[in-house]
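Following numbering that gives the first Met the number 0, the numbering of the sequence shown begins with 0 at its first residue and continues without gaps.
For reference, the structure is listed below as structure tokens.
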Amino acid sequence: MERNLTEKKFGSGYFGEWIIDEYDLPAYRYTCNQIKDPTAISPTNEKWRLKTDHSHQVGNDRLVAVASNYGYIQVRQDEGAPKLLNDYDPKRHQYGGGFGYLFDDDKIITTYYTGKQKKFERIFGIGYYRKKVEEHDLSIDQIIFAPFGDDPLLISKVKIINNRNKYVNLRWIEYWGSRMLQFSYKSFMKGIVSKKHTQDIRRNLTDRFMRKFSIIGNELNGILEERLFKGYTFKGKILWGLLNIAVATIARGYSGGAVKRPVKKATLEDKNPPSSFLASLDTPANGFFIDAGKFFGDGGPESPSGLHENFNKNLNADYEVENPGIFLERKFSLEPGEIKTLYFTFGYLIEDKNLQELLNKYKDNYEHLFEDSCNNWKKNRIELALNDLKWVDRELHWHYYYLRSNLTYDTFFKEHILSQGHVYQYLIGFQGASRDPCQHVLPFIFTNPEYVKEIIRYILKTVKD
Numbered sequence: 000m001e002r003n004l005t006e007k008k009f010g011s012g013y014f015g016e017w018i019i020d021e022y023d024l025p026a027y028r029y030t031c032n033q034i035k036d037p038t039a040i041s042p043t044n045e046k047w048r049l050k051t052d053h054s055h056q057v058g059n060d061r062l063v064a065v066a067s068n069y070g071y072i073q074v075r076q077d078e079g080a081p082k083l084l085n086d087y088d089p090k091r092h093q094y095g096g097g098f099g100y101l102f103d104d105d106k107i108i109t110t111y112y113t114g115k116q117k118k119f120e121r122i123f124g125i126g127y128y129r130k131k132v133e134e135h136d137l138s139i140d141q142i143i144f145a146p147f148g149d150d151p152l153l154i155s156k157v158k159i160i161n162n163r164n165k166y167v168n169l170r171w172i173e174y175w176g177s178r179m180l181q182f183s184y185k186s187f188m189k190g191i192v193s194k195k196h197t198q199d200i201r202r203n204l205t206d207r208f209m210r211k212f213s214i215i216g217n218e219l220n221g222i223l224e225e226r227l228f229k230g231y232t233f234k235g236k237i238l239w240g241l242l243n244i245a246v247a248t249i250a251r252g253y254s255g256g257a258v259k260r261p262v263k264k265a266t267l268e269d270k271n272p273p274s275s276f277l278a279s280l281d282t283p284a285n286g287f288f289i290d291a292g293k294f295f296g297d298g299g300p301e302s303p304s305g306l307h308e309n310f311n312k313n314l315n316a317d318y319e320v321e322n323p324g325i326f327l328e329r330k331f332s333l334e335p336g337e338i339k340t341l342y343f344t345f346g347y348l349i350e351d352k353n354l355q356e357l358l359n360k361y362k363d364n365y366e367h368l369f370e371d372s373c374n375n376w377k378k379n380r381i382e383l384a385l386n387d388l389k390w391v392d393r394e395l396h397w398h399y400y401y402l403r404s405n406l407t408y409d410t411f412f413k414e415h416i417l418s419q420g421h422v423y424q425y426l427i428g429f430q431g432a433s434r435d436p437c438q439h440v441l442p443f444i445f446t447n448p449e450y451v452k453e454i455i456r457y458i459l460k461t462v463k464d
């Protein structure tokens, strides 16, 4: 059971309160209805992020996921080039992922936050994002967490309780988006001289990839998505050539000169992004759907028009979809008071990992994964006990988690990296200052020296002979 760390005193702020979770870890219960409360509005350009979007970080030593107060999660993946694997772009029916829908014949409950639910609890935890929803005498407790360690995946644990006094037939649909968004510096430079916004140029880059979907395993264990680059358009090649001439001449003082590759393998964009997958861990799924445009339709995530679509069990390899997404369906029945817990995983493949081996690793112990992960975060930390200032230890633990869970991996230099982050990484698409990773990693000298060594090697490798 969770308990309040304070009676909403020091450090809780306006938007929620600090609590201690069931594993004795600090967590933040977010209580604001950002849709109705004007205090939640930040003066941001919504091309980058919604004005009412407040984020939490869910990560491990390999990936970082951005969790929104709207209930969705986006996975950042750095191998090849930094990118989000699942874009949030309503115009293309893309809503991140990490939420789902529970329904019987006529009642629907979602773990996407609409602001209209009677009871919707959001908890930002160490290594996880938790959403609890109760409606129509049914309850959902969904936890999205990054297993402690260095594996490239998230786990979605969905506990469903039948609070009715009768037997019910239910259907759960797990959704994760599949349109990536690269943090392309090349697109940022094009945006400087173009009427188009940088984000639009980056999304146009995503359009240059074909998608190939396949079923995982002999049974419907999940869906694997491969991305195949079709090449740049002729217009795009000409524009980039002219831009390089400009920055090498008339704009040299602003740009520092033409963009040149220091080595042949260096690239400004990832043309061979890793395959991503959504799999059902505890038992095979009953069906799947890969057309986000058809599923969400005009209703969006609040009221998808495709909820009653028949899901597939077979996949046509030649089937093309303009606005993709991955949906897995699970059907089950519950007696009055009965509890059912479902387990899914969303992630991507890295060079030295076999998909089936990776899935088998988590299928063997899925019921204990969350507890094990929390316990690892609890023991892998620095403690500072001050009797009259307990919040100091809370902040120390929270900051340690946020720093370490921001680790990702660079396949070019083959080292872990604590990115420069902020506007440089996410908006400009630039990770260049040597000082930032060195500053970030200083606290790890005593706790995680192996990562200090990696980042020192990373910095040295970036220096041209």
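C-beta: ideal position from N, C-alpha, C; glycine also.
Nothing here was measured: the structure is a model prediction, and the numbers come from that model.
- A contact is defined here as three or more CB-CB pairs under 8 Å, and the segment 332 to 348 fails this definition with respect to the segment 293 to 313.
- When secondary structure is reduced to three states using DSSP, A80 falls in the coil class, being assigned neither helix nor strand.
- Counting along the chain, L101 sits inside the beta strand (DSSP E) bounded by residues G96 to F102.
- Straight-line measurement puts the Cα of V320 at about 14 Å from the Cα of G296.
- Straight-line measurement puts the Cα of G235 at about 14 Å from the Cα of K194.
- For H55, the enclosing beta strand (DSSP E) covers residues S54 to G58.
- In the structure shown, I34 falls within a coil segment according to DSSP collapsed to helix, strand and coil.
- Between A284 and L354 the beta-carbon gap is near 16 Å, outside 8 Å, which marks them as no contact.
- In this structure, Y71 lies near G97, with their beta-carbon atoms less than 7 Å apart.
- Three or more beta-carbon pairs separated by less than 8 Å are not found between the segment 120 to 127 and the segment 198 to 209, which leaves the two stretches without contact.
- By the C-beta density criterion, I139 is buried, having at least 16 other C-beta atoms within 10 angstroms.
- Apart from sequence neighbours up to five positions away, the residues of its chain that approach T205 with a beta-carbon distance below 7 Å are R178, M179 and L180, ordered along the chain.
- Around the beta carbon of F182, a 10 Å sphere encloses 16 or more other beta carbons of the protein chains shown; the residue is thus reported as buried.
- Between the segment 396 to 413 and the segment 50 to 62, the count of C-beta pairs closer than 8 Å reaches three or more; the two stretches touch.
- Straight through space, the alpha carbons of N162 and D136 are spaced by roughly 5 Å.
- K156 sits buried, since 16 or more C-beta atoms from the chains shown fall within 10 Å of its C-beta.
- In terms of Cβ geometry, I349 and P146 do not form a close pair [threshold 7 Å].
- Around the beta carbon of M188, a 10 Å sphere encloses 16 or more other beta carbons of the protein chains shown; the residue is thus reported as buried.
- Annotated as proximal: Y365 and L280, with beta-carbon spacing under 7 Å.
- With respect to A265, A257 sits apart: the two C-beta atoms are not nearer than 7 Å.
- Excluding sequence positions up to five before and after L395, its CB lies within less than 7 Å of the CB of I381 and L383, all in the same chain and listed in chain order.
- Rounded to the nearest whole angstrom, the CA to CA distance from I191 to K90 is 23 Å.
- When DSSP states are grouped into helix, strand and coil, G420 belongs to the coil group.
- In the three-state scheme derived from DSSP, where H, G and I count as helix and E and B as strand, W239 is classed as helix.
- Spanning the alpha carbons of E78 and F144 requires a straight line of approximately 20 Å.
- Taking 7 Å as the cut-off, the Cβ atoms of Y184 and L84 do not count as close.
- Across the set C373, A432 and K463, the C-alpha of C373 shows the shortest separation from the C-alpha of I19.
- Minimum Cα-Cα distance from K118 among the listed residues N375, G95, E134 and F233 corresponds to E134.
- In the DSSP assignment, A66 falls within the beta strand (DSSP E) that extends over V63 to S67.
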